[in-house]
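Protein chains: 2
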Amino acid sequence: MEKTSIPKVVIARLPVYIQKLNQLMREGRESVSSQEMAEYLGVTSAQIRKDLSFFGGFGKKGVGYDVINLLESLRSILNLNQIWEVVLVGVGKLGQALLSYQGFSRKGFEIVMAFDNDPNIIGQTIAGVKVRDVSEMQNLTCPRNIPIAILTVPAGNAQEMADQLIHCGVKAILNYAPVTLKVPEGIRLANIDPVLSLQTFTYYL
Amino acid sequence: MEKTSIPKVVIARLPVYIQKLNQLMREGRESVSSQEMAEYLGVTSAQIRKDLSFFGGFGKKGVGYDVINLLESLRSILNLNQIWEVVLVGVGKLGQALLSYQGFSRKGFEIVMAFDNDPNIIGQTIAGVKVRDVSEMQNLTCPRNIPIAILTVPAGNAQEMADQLIHCGVKAILNYAPVTLKVPEGIRLANIDPVLSLQTFTYYL
DNA sequence: TAGATTGTTAATCGATTAACAATC
DNA sequence: TAGATTGTTAATCGATTAACAATC
């Protein structure tokens, strides 16, 4: 029960607001109303105002929200004004694609280590990160206290890798493996499985 | 307002149940209780029973649910007893990884066409799929009426590609681009942006 | 000032959970 | 039969929306 008062759904929407505000900023926009944001994002303006009001009053009545100011406020609420270290486990095709993805470091997430168990991949350097043997993972990650892990291993290995990472101080896991992981209370977990999304589609099609 | 009565959250959980039931089946389990499923998935048993009860009574009181029977029932509810054709747009690193991913066809989703705008990639065959010029997309996809698209293009191109796909009859889009797309009523949309997940983590860390 | 838009309250809506009779 | 577990109802909990006074 951490930061109890604010609903999880609200926290999950803040990054979406940030994404849009970033775009507005690049376009040179100075201010934006909740109404306009709502249209862009396909939600109600009341929801946007309510969400923001959990953290204070960022707007000016009759005017709207200052784009840069709101953006900075939200970034600060989410602790995005720092570099977050990330460890990636599983350097198959998907893991390689994520290692090469510029979007992480551009948004302040730095993949600092990568591990695999395939001798053909161990030792290679991908996007500046040297791939190491997963058998060394505990030795190498435990001392560094890396807070976030990305899991791109086969389903069968995911739980074991998660356990090891958590043991070494990882506090949040982005899981691409198609399994439901068991993690202790207090460990954040998000699952990205495209098949689950597709299987939801097919109900409606 | 299609199939109104059943909450979207319930539909979204069915694939997770299917995932676990598949695993139980592979392990040779014959039946399972809502209690046991709940423990595996980290939810309440009441939720599982309630979810299933929207579609009928699949269990036996005092016994639980027959694994194979429930699995088949859920697959049928989600229309998973058929092959679903998929078009993939954007064959960069991520697109290539998804093209090579066995999990889609294994679960009944067949990527039948792929498009890109990079001359170095157009013409290549990846995982049995020939990459075609995106300028031909409308000509090639419109007649085939493919229901599902996966978008792995840069943020700047995503909306334009979505519009074209929808124009050609696509009814559901799995969007990997880091933008909020605008789609007409009735088009299903799911977004997979790992950065949004990471940015939710950092609030709690 | 007049018009616009916020921040907030109260009402509505929807989802989760507890509890238990039914029954295998 | 006794024990276990479902299916379902009612109660609780939480999230969304409508509406409007405050105010820029």
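Line by line, the protein sequences are chains S and U.
The letter at position 18 of the first sequence is residue 18 when you use my numbering, and the numbering goes up by one with no holes.
Counting the second sequence from 1 gives a position; my numbering is that position plus 1000.
Backbone N, C-alpha and C fix where the C-beta goes; we use that ideal spot for every residue, glycine too.
For the C-beta of U:A1012, the chain S residues within less than 7 Å are, from N- to C-terminus, T200. CA-to-CA, the gap between S:D118 and S:K182 works out to about 25 Å.
Under the DSSP assignment, S:A172 falls outside any alpha helix (DSSP H), being part of the beta strand (DSSP E) whose first and last residues are 172-175.
Assignment of U:S1197 by DSSP, reduced to helix, strand and coil, places it in the helix class. Annotation for S:L88: the continuous beta strand (DSSP E) segment containing it runs 84-89. At least one CB of chain S lies nearer than 8 Å to the CB of U:T1180. Judged by beta-carbon spacing, U:V1067 lies within the 8 Å limit of U:E1030, meaning their Cβ atoms are closer than that value.
For S:I192, the chain U residues whose C-beta falls within less than 8 Å of its own C-beta are I1192, P1194, S1197, listed in chain order. In chain order, K93 make up the part of chain S whose C-beta sits under 8 Å from the C-beta of U:S1100. Listed as beta-bridge partners of U:S1031 by DSSP are U:D1066. Residue-level contact by beta carbon fails for S:P184 and chain U, as no gap is shorter than 8 Å.
DSSP, read as helix, strand or coil, puts U:D1051 in helix. Counted as a single uninterrupted DSSP element, the beta strand (DSSP E) harbouring S:E110 occupies residues 109-116. Within 7 Å of the CB of S:R188, the CB atoms of chain U belong to F1201, Y1204, in sequence order along the chain.
Annotation: S:G62 to S:N22 spans about 23 Å, alpha carbon to alpha carbon. The beta carbons of S:I173 and S:L88 sit no closer together than 8 Å.
The three-state reading of DSSP puts S:T141 in helix, counting H, G and I together. The DSSP-derived three-state label of S:I11 is helix. Counting the other Cβ atoms within 10 Å of the Cβ of U:N1139 gives fewer than 16, which makes it exposed.
Listed along the chain, the chain U residues whose CB falls inside 8 Å of the CB of S:L151 amount to none; the nearest CB is some 11 Å away.
Distance between S:N79 and S:I6, taken at the CA atoms: about 15 Å. Taking S:M161 as the centre and dropping the five residues before and after it, the same chain places the C-beta of V89, L151, V153 closer than 7 Å to its C-beta, in chain order. Under the three-pair Cβ rule at 8 Å, the segment 33-50 of chain S does not count as touching the segment 95-104 of chain S. For U:R1026, the number of other beta carbons within 10 angstroms of its own is below 16, and it is reported as exposed. Per DSSP, the beta bridge partners of U:I1126 are U:V1129. Of U:V1016, U:K1060, U:I1011, the smallest CA-CA separation from U:S1033 is found for U:K1060. U:L1151: not part of any alpha helix (DSSP H); member of the beta strand (DSSP E) spanning 1148-1151, first to last residue.
When rounded, the separation of the alpha-carbon atoms in S:Q159 and S:A177 is 9 Å. According to the DSSP assignment, U:N1120 belongs to no alpha helix (DSSP H), since it is labelled neither H nor E. Under the 8 Å criterion on CB atoms, U:K1130 is classed as non-interfacial with respect to chain S. Going by DSSP, U:N1191 is part of the beta strand (DSSP E) stretching over 1188-1191.
Burial is judged here by how many other beta carbons sit within 10 angstroms of a residue's own beta carbon; S:T44 has fewer than 16 and is exposed. The CB of S:L52 never comes closer than 9 Å to any CB in chain U; the least such distance is about 15 Å. Taking S:E85 as reference, the option from S:V112, S:G95, S:I77 with the minimal CA-CA separation is S:V112.
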